[in-house]
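If you count the sequence shown from 1, you need to add 349 to reach this note's numbering.
In this text, a Cβ means the ideal position worked out from N, Cα and C, and glycines have one as well.
Presented below is the structure to which this report refers.
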Amino acid sequence: MESRGQSEPVLVAFGSNLGNREENLQLALQKLAECADVSSLHPSSLRETEPVGYADQPRFLNGAVFFSFRGSVQELLGLLQSIEKSAGKATPFPNGPRTLDLDIIFFGSLRHTSPGLTVPHPRWAERAFVVEPLQEIAQALPAETFPPEWKTEIAAATQKLQA
Ligand code: ADP
Ligand code: MG
350 MESRGQSEPV
360 LVAFGSNLGN
370 REENLQLALQ
380 KLAECADVSS
390 LHPSSLRETE
400 PVGYADQPRF
410 LNGAVFFSFR
420 GSVQELLGLL
430 QSIEKSAGKA
440 TPFPNGPRTL
450 DLDIIFFGSL
460 RHTSPGLTVP
470 HPRWAERAFV
480 VEPLQEIAQA
490 LPAETFPPEW
500 KTEIAAATQK
510 LQA
């Protein structure tokens, strides 16, 4: 069998505020689970949150998921965008309502900036609806699975949000 190299641990945050929100998120998790390049999937619980940036829209259902991904960060972005499309993603404007949003928060220890992709996600640490599910996963997973440098960053972001 052809080897595609090592798997990277990744954290993806997700949200939905249009249509059947829980169904949209469950569908996204199911699609990830079906992908041959995805393993060790561990989702957080879901929480209802107030919209950020543009307030006049329905409440979001948010969560995050940890998994191992065999492929490049660009391939992961492509996979997430195809899943967003399959949920009929509609995003009328930035920070506006959407059926499904999937954002790459961390990809191993990668730091990457290009016109279409910034990793780690530039605003993750300011958003409680991202930080809380990440903290939940960090506490649930065994130390050998969860990268220690992520754990430190997530703990710092949690403290800052609570200050
Ligand atoms: P947002 O999530 O910022 O509200 P969108 O979901 O419409 O908005 O995404 C807009 C673009 O953000 C995508 O086309 C993608 O290329 C880009 N992008 C940049 N960094 C990331 C990231 N870390 N994860 C996901 N998309 C990203
Ligand atoms: Mg997005």
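S389 places its beta carbon less than 8 Å from that of F416. Exclusion of the five residues before and after R370 leaves L410 as the residues of its chain whose Cβ lies within less than 7 Å of its Cβ. At least one heavy atom of the ligand ADP sits closer than 7 Å to the Cβ of N444. Taking every protein chain shown into account, the CB of Q484 has 16 or more other CB atoms within 10 angstroms, so this residue is buried. DSSP places S463 inside the beta strand (DSSP E), whose first and last residues are 461-463. At a Cβ-Cβ threshold of 8 Å, L374 and A413 do not count as neighbours. With 7 Å as the limit, the residues whose C-beta approaches a heavy atom of the ligand MG more closely than that are D450, L451, D452, in chain order. Using a Cβ-Cβ distance cut-off of 8 Å, the segment 380-389 and the segment 416-434 are in contact, since at least three pairs of beta carbons, one from each stretch, lie closer than that value. Residue state for V422 is assigned as helix, using DSSP reduced to three classes. A distance below 8 Å separates the beta carbons of F456 and V422. At a cut-off of 7 Å, the beta-carbon of V468 counts as near the ligand ADP: some heavy atom of the ligand is closer than that.
A residue is called buried when at least 16 other Cβ atoms come within 10 angstroms of its Cβ; F442 does not meet this threshold and is exposed. For the pair P407 and S365, the Cα-to-Cα distance works out to about 9 Å. Residue environment for E481: buried (at least 16 other C-beta atoms within 10 angstroms of its C-beta). The beta carbon of S393 sits closer than 6 Å to the beta carbons of G412, A413, P482, E485, I486 from its chain, once the five residues preceding and following it are set aside; these are given in chain order. Between H391 and L459, the gap from beta carbon to beta carbon reaches 8 Å or more.
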